[in-house]
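Colleague: Pasting a structure below so you can have a look.
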Amino acid sequence: MAYYRQVGSVPQKRHTQFRDDQGRLYYEELMGEEGFSSDSSLLYHRGVPSAIVASEIWELGDQSTVANHPLKPRHLRLHDLFDAQAAGAIDAVTGRRLVLGNADVRISYVVAGAVSPYYRNATGDECVYVESGAGVVETVFGTLSYRTGDYVIVPRATTHRWVPDTTDGPSRLYPVEANSHVAPPKRYLSRYGQLLEHAPFCERDLHGPDDVLLAEGTDVEVLVKHRGDGPGGIVGTRFVYDTHPFDVVGWDGCLYPYTFNIEDYMPITGKIHQPPPVHQVFEGHNFVICNFLPRKVDYHPLAVPVPYYHSNVDSDEVMFYVGGDYEARKGTGIGIGSISLHPGGHAHGPQPAAIEASLGAETFDESAVMVDTFRPLGLGEAGTASDDGTYAWAWAGRSL
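Under my numbering, think of the first position of the sequence shown as 10, with each following residue one higher.
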């Protein structure tokens, strides 16, 4: 996100001597995208950021997928995957279970009540949707608070950990892990990176770290997910660092983690039904993220408010239902915590009875997060485990 911030102490000029009160130099670390050719931030550490004292294999959870073959739409019940009572022992990093994935993106789910290990994803950015819960994400840039409805955007290779506040229960998290960067749609940005007037959100809605952590410690373990020859092209390493990675006294730049809450998204509506791209909030390489929110609907006197049937000739559509009453899916068993997977090659749309029932509606009370991918998705172990097995026949009235 090309939106400049400065946090903590930085020198007058970059790449010049910057010392503490005892005269010791701070160590610069440039975190930059696309090989010094895109957004970056410059961090100032007390210790050497590359000083590791151990490197061991970190065995990731099951990252394998199976093809959606024979091809069919699916209903996945994510709330069946975790016992909320056991969430106190589960963390937001090692407790993730893979639901769907391909070479561009992996979608997981976790119900977490425990503090996670220090972690960074070196394969790509993470966009974690907070279905419910609250807490903080401690990062090398400082602390981010999160709450229900937040997207937490963590840039590639950002060391961080999740600290849930379990006062009102564990955090239900929906991590979308990219093999690329994640950013607002290009059509909403100026050539210099500012969000434009027709964008459904603006920089005021993005919340980055406000202060540095200045943590101390030695022999600090950090789990790193990175590219390799494992399932999905990823493997894990456990580094041990000589000094704490959160020893940053200050930083500035345009690359940093931030949160964005769906309550701050302004839905775009029209006289007749608007296509899904108007609901887009982020994009990565070969996938997009959209959110469907409570809104006024079409105002043409003969409008049909629910979606028309459409064939996903270029993409798989993953809809995660997170609130309200989703009009187009009535009668299928889909509810909050459900995913519908509509694969490329399958024409899909509303349940037949939902079309007539929607006529004359002025508002929809529904919330969902959609990921559209441009390569087919395979089912992870959690996708297979949560499949209801009957959704494909719903349009013929045979789902229940």
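Don't be surprised by glycine CBs; every beta carbon is placed ideally from N, CA and C.
What you are looking at is a predicted structure, and each value in this text was computed from that prediction instead of being measured.
Report yes if the CB atom of G353 is closer than 9 Å to the CB atom of G110, and no otherwise.
Modeller: Mapped onto the sequence shown, residue 353 falls at position 344. Mapped onto the sequence shown, residue 110 falls at position 101. For G353 and G110, no; Cβs fall outside 9 Å.
Colleague: Going by the C-beta, is D30 closer than 8 Å to any heavy atom of the ligand MN?
Modeller: With respect to the ligand MN, the structure offers nothing, as it holds no ligand at all.
Colleague: Please confirm whether A121 and P179 have their CB atoms less than 9 Å apart.
Modeller: The residue given as residue 121 occupies position 112 in the sequence shown. The residue given as residue 179 occupies position 170 in the sequence shown. In contact: A121 and P179 (Cβ atoms closer than 9 Å).
Colleague: Note down the Cα distance separating V380 from Q31, rounded to an integer number of angstroms.
Modeller: By 1-based counting over the sequence shown, the position of residue 380 is 371. By 1-based counting over the sequence shown, the position of residue 31 is 22. Straight-line Cα distance between these residues: approximately 51 Å.
Colleague: What residue range is occupied by the uninterrupted alpha helix (DSSP H) comprising E365?
Modeller: Counted from its first residue, the sequence shown places residue 365 at position 356. Note, E365: alpha helix (DSSP H), P361 to S367.
Colleague: Identify whether H253 lies in helix, strand or coil by the three-state DSSP scheme.
Modeller: Reading the sequence shown from its first residue, position 244 is the one you call residue 253. In this structure, H253 counts as coil in the three-state DSSP scheme.
Colleague: Which residues does DSSP list as the beta-bridge partners of L39?
Modeller: Translated into the one-based positions of the sequence shown, residue 39 becomes position 30. Note: L39 sits in a beta bridge opposite L51.
Colleague: Can you tell which of Q360, S18, T103 and Y128 has the C-alpha that lies nearest to the C-alpha of R170?
Modeller: Looking up residue 170 in the sequence shown gives position 161. Minimum Cα distance to R170 is reached at Y128.
Colleague: Using three-state DSSP, classify L87 as helix, strand or coil.
Modeller: Translated into positions along the sequence shown, residue 87 becomes position 78. DSSP places L87 in helix when its eight states are reduced to three.
Colleague: Please return the same chain residues whose Cβ sits closer than 8 Å to the Cβ of T411, not counting the five positions on each side in sequence.
Modeller: A question about residue 411 goes unanswered here, because the residues of the chain that appear run from 10 up to 409.
Colleague: Quick one: what does DSSP say V304 is sitting in, helix, strand or coil?
Modeller: As a first step, residue 304 is located in the sequence shown; it is residue number 295 there, counting from the start. The sequence shown places Arg at residue 304, rather than the Val named in the question. In this structure, R304 counts as strand in the three-state DSSP scheme.
Colleague: Need the endpoints of the alpha helix (DSSP H) that S395 sits in, please.
Modeller: Counting from one through the sequence shown, the residue named residue 395 turns up at place 386. Here the alpha helix (DSSP H) through S395 covers E390 to S395.
Colleague: Can the beta-carbon of T152 be found less than 9 Å from the beta-carbon of D228?
Modeller: Counted from its first residue, the sequence shown places residue 152 at position 143. Counted from its first residue, the sequence shown places residue 228 at position 219. Contact flag unset, no.
Colleague: Which of the three DSSP states, helix, strand or coil, is assigned to R170?
Modeller: The sequence position of residue 170 within the sequence shown is 161, counting from 1. If DSSP states are grouped into helix, strand and coil, R170 belongs with the strands.
Colleague: Which runs of the beta strand (DSSP E) spanning at least 3 residues fall entirely within the region 94-151, listed in chain order?
Modeller: With a minimum length of 3 residues, the continuous beta strand (DSSP E) runs that stay inside the region 94-151 are 106-110, 114-121, 127-130, 135-141 and 143-148.
Colleague: Contact check, Y12 vs L215 under 8 Å by CB: the rounded distance?
Modeller: For this step, residue 12 is matched to residue 3 along the sequence shown. For this step, residue 215 is matched to residue 206 along the sequence shown. That pair is a contact at about 7 Å.
Colleague: Return the first residue and the last residue of the beta strand (DSSP E) that Q289 is part of.
Modeller: Taking the sequence shown and counting its residues from 1, one reaches residue 289 at position 280. First-last of the beta strand (DSSP E) with Q289: Q289 to G293.
Colleague: Suppose contacts are defined by Cβ-Cβ distances below 9 Å. Is F291 in contact with Y201 by that definition?
Modeller: By one-based count along the sequence shown, residue 291 stands at place 282. By one-based count along the sequence shown, residue 201 stands at place 192. No; because the gap between Cβ atoms is not below 9 Å, this pair is not in contact.
Colleague: Taking the C-alpha atoms as reference points, what is the distance between Y138 and Y183?
Modeller: For the purposes of this step, residue 138 is taken as the residue at position 129 of the sequence shown. For the purposes of this step, residue 183 is taken as the residue at position 174 of the sequence shown. Spanning the two alpha carbons is a distance of roughly 5 Å.
Colleague: Please state whether DSSP places D92 in a helix, a strand or coil.
Modeller: Sequence index remark: in the sequence shown, residue 92 carries index 83 (1-based). Correct three-state label for D92: coil.
Colleague: Is E212 helix, strand or coil by DSSP?
Modeller: What you label residue 212 is simply residue 203 of the sequence shown in a count that begins at 1. Residue state, collapsed to three classes: helix.
Colleague: Tell me the rounded alpha-carbon separation between H282 and G259.
Modeller: Residue numbering aside, residue 282 sits at position 273 when the sequence shown is read from its first letter. Residue numbering aside, residue 259 sits at position 250 when the sequence shown is read from its first letter. Taking the straight line joining both Cα atoms gives about 48 Å.
Colleague: Kindly list the residues whose CB is nearer than 6 Å to the CB of G226, restricted to its own chain and excluding five residues on each side of it in sequence; keep chain order.
Modeller: What you label residue 226 is simply residue 217 of the sequence shown in a count that begins at 1. Contacts found: H253.
Colleague: What residue from I298, A192 and D238 has the CA that sits closest to D48's CA?
Modeller: The residue you call residue 48 lines up with position 39 of the sequence shown. When only C-alpha atoms are compared, the closest one is A192.
Colleague: Straight-line CA distance for S73 to P79?
Modeller: Your numbering for residue 73 matches position 64 in the sequence shown. Your numbering for residue 79 matches position 70 in the sequence shown. If you take the alpha carbons of S73 and P79, they lie about 18 Å apart.
Colleague: Would V163 pass as a contact of D134 if the rule is Cβ separation under 9 Å?
Modeller: By 1-based counting over the sequence shown, the position of residue 163 is 154. By 1-based counting over the sequence shown, the position of residue 134 is 125. Cβ atoms of V163 and D134: closer than 9 Å.
Colleague: To the nearest angstrom, how far is the alpha carbon of Q60 from that of P82?
Modeller: Indexing the sequence shown from 1 puts residue 60 at position 51. Indexing the sequence shown from 1 puts residue 82 at position 73. At residue 60 the sequence reads Ala, which differs from the Gln that was named. Cα to Cα, A60 sits roughly 49 Å from P82.
Colleague: Do you know offhand how far V108's Cα is from S395's?
Modeller: By 1-based counting over the sequence shown, the position of residue 108 is 99. By 1-based counting over the sequence shown, the position of residue 395 is 386. For V108 and S395, the distance between alpha carbons rounds to 9 Å.
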